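Numbering (the working numbering), first residue to last: 224 to 541.
See the structure below:
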């Protein structure tokens, strides 16, 4: 079976050299690499065309295409039976491509192979951001895990059956793709050692935009409405109520604050304490202080983005 590697890019000139270095070192090389560019204005297209990798590289120029449109265009451009996908902003474990495709060549071969991703933070802020937002392997339930398209592979026939990635959706498209594959009855296999390393956003502003867009995608796709409702209830209901109760029932208010703090920050701090051995003492202090800032910023971004997506969805139905 032929195995192709696809990715979408747009203004990724800064990230591509690191990716290409790890792609060239893969223990198994794809039969071809298809890159869909969504209209880069930097040197991205030139870097891809000039790259010397272990497989032929084709660039599709798709100005204005969203991620779903780019992925679908890349898949249509190859006749490979197995499609592997990753993002431009990652670096790859040397055996990533080998491991993300190996299950198709064994007994009881699956239709989808879910790889995993680990944070690749630089400094205190990114370490705190990773601890707050990215799951650890121990958090994963393999039978229900929905792979990210930064580390996944699937049969072309499965992609064809569900009519590809949802081109009407610009963010959270890989989750909708996963859900459609599950609804169609395709078999998933979790391959935790098919690893990519993903760098968190380097600034609070870029993180805010990322989570705003994710939540807008949730609203467009009608995803996780219970989670979003719980977030509104916490910030617009429980927290103000705790301050209203403070003069009358101070103990109740304190208990509400303690329970809320544990719910919001307990898991991020546990992850941080396991990850910060690489940091200096000053960076440990900074990362500790960043966690609540990151958590609250992400929640505010989601609370703003979600209704924007819901409004888009409701207008689309009219």
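The beta carbon of each residue, even a glycine, is placed where N, CA and C say it ideally should be.
Small disclaimer: the values here were computed from a predicted structure and weren't measured.
Annotation for residue 227: the continuous beta strand (DSSP E) segment containing it runs 226-232.
Residue range 313-315 is occupied by the beta strand (DSSP E) that includes residue 315.
Beta bridge pairing from DSSP links residue 284 with 260. Annotation for residue 262: 233, 286 and 287 place their beta carbon closer than 7 Å to its own, counting only its chain and skipping 5 residues before and after. Distances from the CA of residue 270 to each of 250, 238 and 253 were compared; the closest alpha carbon is that of 238.
For the pair residue 294 and residue 394, the CB atoms are not nearer than the 8 Å cut-off.
Counting only the Cα atoms, residue 347 lies some 7 Å from residue 502. Taking 3 residues as the shortest admissible run, the stretch 333-364 contains the following complete beta strand (DSSP E) segments, listed from N- to C-terminal end: 335-342. Taking the Cα positions, residue 459 is about 39 Å away from residue 308. Using a 10 angstroms sphere on the CB of residue 525, the tally of other CB atoms reaches 16 or more, which defines it as buried. With respect to residue 376, residue 290 sits apart: the two C-beta atoms are not nearer than 8 Å. Between the stretch 506-522 and the stretch 347-362, the count of Cβ pairs shorter than 8 Å is three or higher; the stretches touch. Boundaries of the beta strand (DSSP E) around residue 376: 375-378.
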